[in-house]
Every structure is written in C-alpha cells, then in structure tokens.
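Top line first, the protein sequences correspond to chains V and B. With the first sequence counted from 1, adding 1 to any position gets you this note's numbering. With the second sequence counted from 1, adding 169 to any position gets you this note's numbering. Where a beta carbon is used, it is the ideal one built from N, C-alpha and C, also for glycine.
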Amino acid sequence: MIDDTSVPGRILVGNEEALGRLFRADPVLVDVLPAHEAIPNLTEGTILHAGPPITWDRMCGPMRGAVAGVAIYEGWAGDLDQAEELASNGSFDFHPNHHFGAVGPMTGMTTQSQPVLVVENRAFGNRAFCTLNEGLGKVMRFGGNDASVLARLAWLRDVLGPALSAALSSSSGIPLKPLVARGLTMGDEMHQRNIGCSSLMMRELAPLLARSVKDHATLADILTFVGSNDQFFLNIAMAMGKAVMDPLHGIDASTIVTAMSRNGTDFGIMVSGLDKQWFTAPVEMPKGLYFPGFTDADANPDMGDSTIVETVGLGGFAMAASPAVAGFVGAGSVSEAANTTRMMGEITLTQNPEWTMPSLDYQGVPTGIDIRLVVETSITPMINTGIAHREPGLGQVGAGVVHAPIACFEKALEAFAGRLGIA
Amino acid sequence: MQLTEFTMKQRIDDSRMTDSERREKKLELLEAPIQVVNVGLQCFSDDLSSQGVKVVQVNWIPPAGGNARLAALLSRLMD
Numbered sequence: 002m003i004d005d006t007s008v009p010g011r012i013l014v015g016n017e018e019a020l021g022r023l024f025r026a027d028p029v030l031v032d033v034l035p036a037h038e039a040i041p042n043l044t045e046g047t048i049l050h051a052g053p054p055i056t057w058d059r060m061c062g063p064m065r066g067a068v069a070g071v072a073i074y075e076g077w078a079g080d081l082d083q084a085e086e087l088a089s090n091g092s093f094d095f096h097p098n099h100h101f102g103a104v105g106p107m108t109g110m111t112t113q114s115q116p117v118l119v120v121e122n123r124a125f126g127n128r129a130f131c132t133l134n135e136g137l138g139k140v141m142r143f144g145g146n147d148a149s150v151l152a153r154l155a156w157l158r159d160v161l162g163p164a165l166s167a168a169l170s171s172s173s174g175i176p177l178k179p180l181v182a183r184g185l186t187m188g189d190e191m192h193q194r195n196i197g198c199s200s201l202m203m204r205e206l207a208p209l210l211a212r213s214v215k216d217h218a219t220l221a222d223i224l225t226f227v228g229s230n231d232q233f234f235l236n237i238a239m240a241m242g243k244a245v246m247d248p249l250h251g252i253d254a255s256t257i258v259t260a261m262s263r264n265g266t267d268f269g270i271m272v273s274g275l276d277k278q279w280f281t282a283p284v285e286m287p288k289g290l291y292f293p294g295f296t297d298a299d300a301n302p303d304m305g306d307s308t309i310v311e312t313v314g315l316g317g318f319a320m321a322a323s324p325a326v327a328g329f330v331g332a333g334s335v336s337e338a339a340n341t342t343r344m345m346g347e348i349t350l351t352q353n354p355e356w357t358m359p360s361l362d363y364q365g366v367p368t369g370i371d372i373r374l375v376v377e378t379s380i381t382p383m384i385n386t387g388i389a390h391r392e393p394g395l396g397q398v399g400a401g402v403v404h405a406p407i408a409c410f411e412k413a414l415e416a417f418a419g420r421l422g423i424a
Numbered sequence: 170m171q172l173t174e175f176t177m178k179q180r181i182d183d184s185r186m187t188d189s190e191r192r193e194k195k196l197e198l199l200e201a202p203i204q205v206v207n208v209g210l211q212c213f214s215d216d217l218s219s220q221g222v223k224v225v226q227v228n229w230i231p232p233a234g235g236n237a238r239l240a241a242l243l244s245r246l247m248d
C-alpha cells in the first residue's frame, strides 16, 4: 500500500486521474469552420506552426517555404520574396498550434481563413482543431508553395470546407473512438496509414454530403478528392488526439506526456504535472524510404504536430496493428513491427482497452507515456513520419521513422523533481 | 535466489574436484556447443552470431543510461 502523500503516492494518484480522463474522453467530429471563427484570438498576421515556439531565423527550409506560401494565400504578400521579407522583419506573429488548441501536420500552417476540422471532447467540453488534409504530392504541409498548392488551398477554403460544415451540421457529429477502434482492426495505425479510417469516414460523410451539396459536379469533385486521399483521416486523428489529451494538462504530480511535437528544428514535449511548459531538444533525422530520385541527403529533420497520435497511443505505438506500414516506412519486418509496439509498452503505464490490435491477441495500444519510464529505460517514443525535402517549396520526398530525443524527457524529469521539492 | 543456491551448490561441488577433474570439465565447456545469453551490448551478440553461435540477446542498459544524478532522482520518484 503506497502512502498517497509520499512522492510515489502522489504520482500514482496523479497518473490514475490522468489516465481516467484519457479513457473517459469522447471525441466527436462536429464541424469544419474557418479558423478565425473556430480558434479564439487567431487574428490577421498570426501564423500558427507545428512544434514548440520558434523564430523565423531558426526555421528550417520547408517551414520557411510554407510561411511564405501561406502569406500569399492570405493576401498578406504579393510574392514569395515579399513574404520572406515580411516574415524576417517581424510583420507576422508566430505561435505554436498547441498554444491555440490546434495541431497541424508537418509545417502545420494554420491561419485565419483556412478551414479547420473541429473535434469536440464531449466528456469535458473542450474543442481541438486541425486543418484539412491536402492530399499527397506538392502540398503546403511539406513546404510546397507554388500556384498549384495555393489553388488547392483555395478550393479547400471555398468548396470542401463549407460543404463539410453543411454536411456535419445535418448530423449529430461523428464519434471518433469507435471509428479508430475499427481502423486498428483494418490495418491502420493512424499516422502513416489511414486507409481504413479514411474509408470509414467517407461512408459516414458521403450520404450527408449527397444531401447538402446540390451541384452534382461539385459533389463529384468532393467525393473524388476525399475518396482518393488515403491520409484524409490523419488530420481528423490529430484533432482527436489533441481533444483527448488537452484535459490532462495541469494534473498535480502526473508524469504523463500530454504533447509531443516538432518544428523541423526542435522537438518538444509537455507533461501533465508541469502545466504547459515545453521541454525541447534538437530534433532528429528520420530514417526511412525515399521516393524515386531522392535520398537521405534531400531530407529535412523531423517536423509536425502529428506526434499527437503517438502521444495518445497510436502511430508508432500501434505499429503491430499495421504490418503494411512497417514496410512503407522502412521499419523492418512484421515481427519487428510487433516488437516496436512491445517496446513502447515499456515506457507506457497501461493499454487502451477500447483500441486493440488483433495481431497481438487483442492487446490494447500502449497508452500513457511516463517520463520516468523513458528516462529509466532510455527507450524513447518511436514515431512514424513523412519526410519533407530540406529546401523550401519541394514537398514530400519519403516516409520513415524517428525517435523522440531523450534530452526532452531528461529535462522534464529534472523539472518535475524540482516541482516536487526533490533536489 | 534459485540462481544463488545453484551457484553455491556448484561451488561446493567444484571444491570437491581434483585438479585433473577441473581441467577435464573446463575442456568439456570448450568442446561443447556454446549457448549464449548476452545481456547488454548488442555488438557482443553480433560478433558471436557472425561466427554461427546461437545467441539470445537481452536488451539492457543501466537505469537512466548510467547517469547517476538522474538515476538518483528516479529512485525517489518511483515506488
């Protein structure tokens, strides 16, 4: 019997509370809204980005490319040169998505007129936001910023976003936990493979869209775009992860990681019992497979808020559910994928009974990353990720895996011990 | 505990051997197929595997990677 007033006792109570909130979460996709309507205090000239805070001078190539592109998209700059000049002279306010209840994949650009998915955690009443997935190829999330990228963003803003909003408003929302549970049994891990969940979401959305979109050609365009995008669900999973994890912030003496994110320069984590303080370290290079014509010499260091899916127990943590991903990201054989999930079990406090993996005899995904276990074992969270070209504007060049740097967890542990009065 | 008892019994048995019996036993060890459980450094396993020796690798490193200060903090934060 542990004394609840002892340090280990307080941590046990704090972590039980955190896990209770995680498992009680009820994330539901409720709307798609312009970001300035959905996200409080998202004003003109504000650019939200992936990862912990960063200034223009420390941003990597793709992040700079995306900033320049989104400035043109918003009408704040006439061309890329002017956009970079404005960015460098302090005309834009840069903030992490995480500070605004949002998340964004890769570069993670979120600005006022972009449509964002709205996921509401009905157990706690909080909402989280993420932009719509742009599809593969040259896209802004990988630093793309040419006319084709901006035209697609305009279509998302003017056509797809309003259509999804109208469709969802005719429903009571789409509950996401059961959908993810089914996706895990269909070979998704919800980071680099979302084919199952994207298809399930399409089944939910198609009848709603058919009723709300009156023009057949527009409806066909929408269904073609969503139906041909295997990663359409990724951004929904990210907003879900953020909505699930946000109520865990600020629990006394909890050692559970509430956010992991990277901006292409730094990797940062937040911990439940340490308010919303970032603990950062230089981000690592992904190891993976490259599209034809590209090599690791083209790769940018890891980036994106998408690690929120690993934080909630999916992605690399659910690798055993997704043998196809192991090959796609160059992570080895199916048995090695199972070993990855088992390894993540060494640094988590429990398994999620609602999200199970058939290939591991229906074990739940490893859940509740504990900074103590990471530091003790030196096993760091493994993340499935896309790889961006290191130069601005060129987009995705591959996919792979990357580990969170141990220094983030060591710094957090030191701060946590200090918070509890342990020198 | 079982391992300790086994080791103690082994030592008592060894102490009753003559020198020639001990030499013979050591030769047996060298001549029999080697079975290895390697705890820790992977490269030891890799070297043996490359020579055709069957190895069971146990991944282990010291707590906190051997960082004494962090290990001390952990000992006060863990139950």
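Boundaries (first-last residue) of the alpha helix (DSSP H) holding residue i
i: Gly62 of chain V; result: Gly62 to Tyr74
i: Phe130 of chain V; result: Taken as a continuous stretch (DSSP letters only), Phe130 of chain V belongs to no alpha helix (DSSP H), being part of the beta strand (DSSP E) at Asn127 to Thr132.
i: Gln211 of chain B; result: Gln211 to Ser219
i: Arg207 of chain B; result: Before going on, a small fix: residue 207 of chain B reads as Asn here, not Arg. Premise fails: Asn207 of chain B lies in the beta strand (DSSP E), Val205 to Val208, not in any alpha helix (DSSP H).
i: Ser244 of chain B; result: Ala237 to Leu246
i: Thr341 of chain V; result: Val335 to Gly346
i: Phe329 of chain V; result: Pro324 to Phe329
Per-residue DSSP class, three states only, for residue i
i: Gln226 of chain B; result: strand
i: Met383 of chain V; result: strand
i: Glu377 of chain V; result: helix
i: Thr187 of chain B; result: coil
i: Phe1 of chain V; result: Only positions 2 to 424 of chain V appear in the structure, and residue 1 of chain V is not among them; the question remains open.
i: Leu81 of chain V; result: helix
i: Asp371 of chain V; result: strand
i: Leu421 of chain V; result: coil
i: Gly365 of chain V; result: strand
i: Val150 of chain V; result: helix
i: Leu49 of chain V; result: strand
i: Ile407 of chain V; result: helix
i: Ile12 of chain V; result: helix
i: Ala416 of chain V; result: helix
i: Ala155 of chain V; result: helix
i: Ala201 of chain B; result: coil
i: Gln171 of chain B; result: Unreliable placement is indicated for Gln171 of chain B, whose pLDDT of 44 sits below 50; no coordinate value is reported for it.
Terminal residues of the beta strand (DSSP E) in which residue i lies
i: Pro354 of chain V; result: Thr349 to Met358
i: Gly399 of chain V; result: Gln397 to His404
i: Val120 of chain V; result: Pro116 to Asn122
Any chain D beta carbon closer than 7 Å to residue i
i: Leu239 of chain B; result: Given the protein chain composition of this structure (V and B), no chain D is represented.
Supposed contact pair residue j and residue i - C-beta distance, whole angstroms, cut 8 Å
i: Val33 of chain V; j: Gly162 of chain V; result: 5 Å
i: Val376 of chain V; j: Leu414 of chain V; result: 5 Å
i: Val117 of chain V; j: Cys131 of chain V; result: 6 Å
i: Ala244 of chain V; j: Asn127 of chain V; result: 6 Å
i: Val138 of chain B; j: Val205 of chain B; result: Nothing about residue 138 of chain B can be reported from this structure: the residues present for chain B run from 170 to 248 only.
i: Ser323 of chain V; j: Asp189 of chain V; result: 6 Å
i: Phe143 of chain V; j: Ala389 of chain V; result: 4 Å
i: Gly274 of chain V; j: Asp303 of chain V; result: With 8 Å as the limit, Gly274 of chain V and Asp303 of chain V do not qualify as a contact, their Cβ atoms being about 26 Å apart.
i: Val181 of chain V; j: Ala238 of chain V; result: 7 Å
i: Asp306 of chain V; j: Val71 of chain V; result: Rounded, the Cβ-Cβ distance is 15 Å, inconsistent with contact.
i: Ile423 of chain V; j: Leu243 of chain B; result: About 10 Å; that fails the 8 Å criterion.
i: Gln145 of chain V; j: Gly333 of chain V; result: Sequence check: residue 145 of chain V is Gly here, not Gln. Actually they are not in contact, since the Cβ atoms of Gly145 of chain V and Gly333 of chain V sit about 30 Å apart, beyond 8 Å.
Residues near residue i by beta carbon distance below 7 Å, same chain, minus five either side
i: Ala260 of chain V; result: His99, Met246, Ile270, Met271, Ile309 and Thr312
i: Pro354 of chain V; result: Gly365
i: Val222 of chain B; result: Ile203 and Val205
i: Ile3 of chain V; result: Pro9, Gly10 and Leu13
i: Gln352 of chain V; result: Gln364, Gly365, Val366, Pro367 and Thr368
i: Arg158 of chain V; result: Ser114, Gln115 and Pro116
i: Pro283 of chain V; result: Asp267 and Pro406
Close beta carbons around residue i, own chain, < 6 Å, minus the five adjacent residues each side
i: Pro54 of chain V; result: Pro97
i: Asp297 of chain V; result: none
i: Leu169 of chain V; result: Asp32
i: Glu85 of chain V; result: Ala69
i: Trp229 of chain B; result: Val208 and Gly209
i: Thr357 of chain V; result: Tyr363 and Gly365
Neighbourhood of residue i by C-beta, 8 Å cutoff - its chain only, sequence neighbours within 5 removed
i: Asn42 of chain V; result: Phe101
The ligand SAH heavy atom lying under 6 Å from the CB of residue i
i: Gly136 of chain V; result: Judged by which ligands are present, the structure shown has none, so any question about the ligand SAH falls away.
- prompt: Which whole runs of the alpha helix (DSSP H) in the segment 157-242 of chain V are 4 residues long or more, in chain order?
  reply: 162-170, 178-186, 196-213 and 217-228
field: Whole alpha helix (DSSP H) elements within the segment 236-315 of chain V, 4-residue minimum
entry: 309-312
- prompt: Residue ranges of each beta strand (DSSP E) run of no fewer than 3 residues wholly in the segment 14-47 of chain V, ordered along the chain?
  reply: 28-35
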